[in-house]
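Chemist:
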Ligand code: GRG
């Protein structure tokens, strides 16, 4: 199967799983349920669920129920983070994925609750008793997701980002911020995928973690590059160039060419980590390529 077909297959699979998870919620609070559905099901590249599926399929003997639960759980956390990130107290954005943000469509109180409820739903899905994994393995998955999304992961990274607003930060601080804010969830996606493979070996878990660390940072570097190139296209060359200088981003620190070369280095690091996996890894190689070369 080609990478495009694989991507489409995983995309359709996670769309079904997420729709089922929302449909299974009772009609207790219809407005909240509608806001959760809006934040979770309206578009999105589904990079994290796809990484769950791809990592587990590479190791073989993946448990399908566990894969679906892990893929849905990580996307629920991602959707919650975007809903909260868009709030007036954080980024104060009116649009997300070309549509009004959840607080614009449903009001702030409902948006906060939708984010909270999606976070809880993630752990409810991951802790279901019928996933066919050992209790020990499942507990490890719950801990993995909790760490990656909380103080030691995404929330910690978001706090660092807020603290550093308007300040000039060095490369090490920028890297630390992004390894937590964006990288932690991408790392968790790959590691949760590995944990869905019933006969997963620790050496393979370690190699996949190195792969995930590299693509997690590469994802952010490319995101910064796309922000600048999109701004340059929208605002014209001069203003786009000004933005390169203003924000704490990889192009601002390293220049556009330096950022592109860092993304390429990270892709190479990801590929060399995969050399320690004794199975065909073409899907994960293609994913690393997609993350660095994507155009949106
Ligand atoms: C509010 C606790 C809390 C955390 C927010 C992830 C995050 C932390 C904020 C998102 C802000 C942002 C634009 C970060 C840059 C990288 C990133 C995570 C982009 C969005 O992820 P994609 O590109 O989004 O996977 P889609 O729409 O495809 O799902």
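Residue numbers (UniProt numbering): 1 to 296. Think of the CB as a built atom: it goes at the ideal place given N, C-alpha and C, for glycine as much as any other residue. Being a predicted model, the structure only gives us computed values, none of them experimental.
Starting from the C-beta of residue 160, find all residues in its chain whose C-beta is less than 6 Å away, skip the five residues before and the five after it, and write them out in chain order.
Modeler: Counted from its first residue, the chain shown places residue 160 at position 160. For residue 160, where only same-chain residues beyond five positions count, the Cβ hits under 6 Å are 177.
Chemist: Three or more C-beta pairs closer than 8 Å, one from the segment 65-85 and one from the segment 144-161: is that the case here?
Modeler: Contact between the segment 65-85 and the segment 144-161 is present, because at least three Cβ pairs lie under 8 Å.
Chemist: Report back the beta-carbon spacing between residue 126 and residue 62 to the nearest angstrom; my notes put them in contact at under 8 Å.
Modeler: Residue numbering aside, residue 126 sits at position 126 when the chain shown is read from its first letter. Residue numbering aside, residue 62 sits at position 62 when the chain shown is read from its first letter. The pair is not a contact, with the Cβ atoms about 15 Å apart (cut-off 8 Å).
Chemist: Assess contact between the segment 261-272 and the segment 215-230, defined as three or more Cβ pairs (one per stretch) separated by less than 8 Å. Is contact present?
Modeler: As far as the Cβ criterion goes, the segment 261-272 touches the segment 215-230, which means the pair count is three or higher.
Chemist: Determine the burial state of residue 293: buried for a count of at least 16 other Cβ atoms within 10 Å of its Cβ, exposed for fewer.
Modeler: Taking the first residue of the chain shown as 1, we reach residue 293 at position 293. By the neighbour-count rule (16 or more Cβ atoms within 10 Å), residue 293 is not buried but exposed.
Chemist: Under 7 Å, do residue 253 and residue 171 count as touching if we go by C-beta distance?
Modeler: Position 253 of the chain shown holds residue 253. Position 171 of the chain shown holds residue 171. Contact flag set, yes.
Chemist: Assuming residue 58 and residue 277 make a contact with CB atoms under 8 Å, what is their CB distance in whole Å?
Modeler: Residue mapping note: residue 58 aligns to position 58 of the chain shown, counting from 1. Residue mapping note: residue 277 aligns to position 277 of the chain shown, counting from 1. Residue 58 to residue 277, Cβ: 7 Å. Contact.
Chemist: For residue 325 versus residue 80, is the C-beta distance shorter than 7 Å?
Modeler: In the structure as shown, the chain starts at 1 and stops at 296, and residue 325 therefore has no counterpart that could be examined.
Chemist: Looking at the structure shown, is residue 95 part of a helix, part of a strand, or coil, going by DSSP?
Modeler: Here residue 95 is taken as the residue at index 95 of the chain shown, counted from 1. Strand at residue 95.
Chemist: Mapping the DSSP letters down to three states, classify residue 278 as helix, strand or coil.
Modeler: Working through the chain shown from its first residue, we reach residue 278 at position 278. Coil at residue 278, not helix or strand.
Chemist: In this structure, does DSSP put residue 88 in helix, strand or coil?
Modeler: By one-based count along the chain shown, residue 88 stands at place 88. Coil.
Chemist: Taking contact to mean 3 or more Cβ pairs, one atom from each stretch, closer than 8 Å, check whether the segment 255-262 and the segment 280-289 are in contact.
Modeler: Judged by Cβ distances under 8 Å, the segment 255-262 makes no contact with the segment 280-289, as fewer than three pairs qualify.
Chemist: Cβ-heavy atom distance between residue 39 and the ligand GRG below 6 Å?
Modeler: Here residue 39 refers to the residue found at position 39 when the chain shown is read from its first residue. For the ligand GRG, not one heavy atom lies less than 6 Å from the Cβ of residue 39.
Chemist: From the DSSP secondary-structure annotation, give me the bridge partner or partners of residue 100.
Modeler: Translated into positions along the chain shown, residue 100 becomes position 100. Bridge partners of residue 100: 95.
Chemist: Are three or more beta carbon pairs between the segment 129-143 and the segment 46-57 nearer than 8 Å?
Modeler: Output reads no: the segment 46-57 does not touch the segment 129-143.
Chemist: Quick check: the Cα distance between residue 204 and residue 104, rounded to an integer number of angstroms?
Modeler: Residue 204 sits at position 204 when you count from the first residue of the chain shown. Residue 104 sits at position 104 when you count from the first residue of the chain shown. Those two C-alpha atoms are separated by around 44 Å.
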